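Quick note, the sequences are listed as chains A and B, same order.
Residue numbers for the first sequence follow the numbering used here, so the first one is 2 and each next one is one higher.
Residue numbers for the second sequence follow the numbering used here, so the first one is 751 and each next one is one higher.
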Amino acid sequence: GAVVSQHPSWVICKSGTSVKIECRSLDFQATTMFWYRQFPKQSLMLMATSNEGSKATYEQGVEKDKFLINHASLTLSTLTVTSAHPEDSSFYICSAPRWAKDTQYFGPGTRLTVL
Amino acid sequence: DQQVKQNSPSLSVQEGRISILNCDYTNSMFDYFLWYKKYPAEGPTFLISISSIKDKNEDGRFTVFLNKSAKHLSLHIVPSQPGDSAVYFCAASAYNAGNNRKLIWGLGTSLAVNP
Chain A
2 GAVVSQHPSW
12 VICKSGTSVK
22 IECRSLDFQA
32 TTMFWYRQFP
42 KQSLMLMATS
52 NEGSKATYEQ
62 GVEKDKFLIN
72 HASLTLSTLT
82 VTSAHPEDSS
92 FYICSAPRWA
102 KDTQYFGPGT
112 RLTVL
Chain B
751 DQQVKQNSPS
761 LSVQEGRISI
771 LNCDYTNSMF
781 DYFLWYKKYP
791 AEGPTFLISI
801 SSIKDKNEDG
811 RFTVFLNKSA
821 KHLSLHIVPS
831 QPGDSAVYFC
841 AASAYNAGNN
851 RKLIWGLGTS
861 LAVNP
């Protein structure tokens, strides 16, 4: 069964609004979670590393004020796309590593469409 | 600069035959390599991994080979089944500046297994 969940699975919003995406690890604790973005026919692009109890680490070129990340607990990280624009439309995926098993488990992804 | 390269964007194989997906990397700091399978609009699913201290890891129909001197790894699927049709991502793992492990992804290879 799924070990990482994401909510919502898809969302359509108007330009200028903010959208929050939740990522939960279901049966393990994750002090670190990763947020990815995938454009059509492209690879996964790491946006940021979410750290429980501290600030997220953003990859180069990712606007931290636009993509707000909060890792409030050991099982929950949220990504808020603020003042969304059509170019933010994408597939957003989170993952939680289980390094004891040497892998990351991915959520099912969230399809964001900004009109 | 693509540190992990999957030079074949697509591959078509007959059911029952072997599928070989290739991956090259440039960074000698990578010490762990993983293969993920991804269906459209879903998060990636972990398939198999290999540590840099090994040259082969086998799990059922999936075998990963690592050639460190050539900085090359490959995923063999035998026998291939129609349900294997998906995009396969190669990822390499290394520690980032914050001492967290980070995955660097290839662009993926779309595998089509024909009945």
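Every residue, glycine too, gets a C-beta built ideally from N, C-alpha and C.
Small disclaimer: the values here were computed from a predicted structure and weren't measured.
Nearest-angstrom Cβ-Cβ length linking residue i and residue j, presumed shorter than 8 Å
{"i": "Leu45/A", "j": "Tyr37/A", "result": "4 Å"}
{"i": "Ser769/B", "j": "Ser830/B", "result": "5 Å"}
{"i": "Ser96/A", "j": "Met34/A", "result": "7 Å"}
{"i": "Pro109/A", "j": "Glu808/B", "result": "With a Cβ gap of about 28 Å, Pro109/A and Glu808/B do not count as contacting."}
{"i": "Ser55/A", "j": "Ile70/A", "result": "Actually they are not in contact, since the Cβ atoms of Ser55/A and Ile70/A sit about 11 Å apart, beyond 8 Å."}
CB contact below 9 Å: residue i versus chain B
{"i": "Val5/A", "result": "yes"}
{"i": "Gln30/A", "result": "no"}
{"i": "Pro109/A", "result": "yes"}
{"i": "Thr38/A", "result": "Position check: residue 38/A holds Arg in this sequence, whereas Thr was assumed. Chain B contact via Cβ: absent."}
{"i": "Thr76/A", "result": "no"}
{"i": "Thr79/A", "result": "no"}
{"i": "Thr50/A", "result": "yes"}
{"i": "Phe68/A", "result": "no"}
is_contact[residue i, chain A] using C-beta, thresh 9 Å
{"i": "Ser824/B", "result": "no"}
{"i": "Ala862/B", "result": "no"}
{"i": "Glu792/B", "result": "yes"}
{"i": "Tyr786/B", "result": "yes"}
{"i": "Lys804/B", "result": "no"}
{"i": "Gly858/B", "result": "yes"}
{"i": "Lys852/B", "result": "yes"}
C-beta contact flag for residue i and residue j at 9 Å
{"i": "Phe812/B", "j": "His822/B", "result": "no"}
{"i": "Tyr93/A", "j": "Phe796/B", "result": "no"}
{"i": "Gln756/B", "j": "Thr776/B", "result": "no"}
{"i": "Gln43/A", "j": "Ile22/A", "result": "no"}
{"i": "Asp805/B", "j": "Leu816/B", "result": "yes"}
{"i": "Ala820/B", "j": "Asp774/B", "result": "yes"}
Beta-carbon neighbours of residue i, restricted to chain B and to distances below 7 Å
{"i": "Ile94/A", "result": "Gly793"}
Neighbouring residues, chain A, relative to residue i (Cβ below 7 Å)
{"i": "Leu855/B", "result": "The displayed chain sequence assigns Trp, not Leu, to residue 855/B. Within 7 Å Cβ-Cβ: Ser44 and Leu45."}
Under 8 Å from the C-beta of residue i: neighbouring residues of chain B
{"i": "Thr104/A", "result": "Leu784, Phe796 and Ser799"}
{"i": "Arg25/A", "result": "Neighbours of Arg25/A on chain B: none; closest Cβ ~13 Å, over 8 Å."}
Under 9 Å from the C-beta of residue i: neighbouring residues of chain A
{"i": "Phe839/B", "result": "Ser44 and Leu45"}
Minimum Cβ-Cβ distance from residue i to chain E less than 9 Å
{"i": "Ala73/A", "result": "Structure shown: chain E not included; protein chains present are A and B."}
Can at least three beta-carbon pairs, one atom from the stretch 783–792 of chain B and one from the stretch 830–848 of chain B, be found at a separation below 8 Å? Taking 8 Å as the limit for Cβ pairs, the verdict is that the stretch 830–848 of chain B does touch the stretch 783–792 of chain B.
How do the stretch 83–103 of chain A and the stretch 9–16 of chain A stand: do at least 3 beta-carbon pairs fall below 8 Å, yes or no? Between the stretch 83–103 of chain A and the stretch 9–16 of chain A there are three or more C-beta pairs closer than 8 Å, enough to call the two in contact.
Taking 8 Å as the cut-off, does the stretch 68–81 of chain A touch the stretch 760–778 of chain B (at least 3 CB pairs, one atom from each stretch)? Result no; under three Cβ-Cβ pairs closer than 8 Å.
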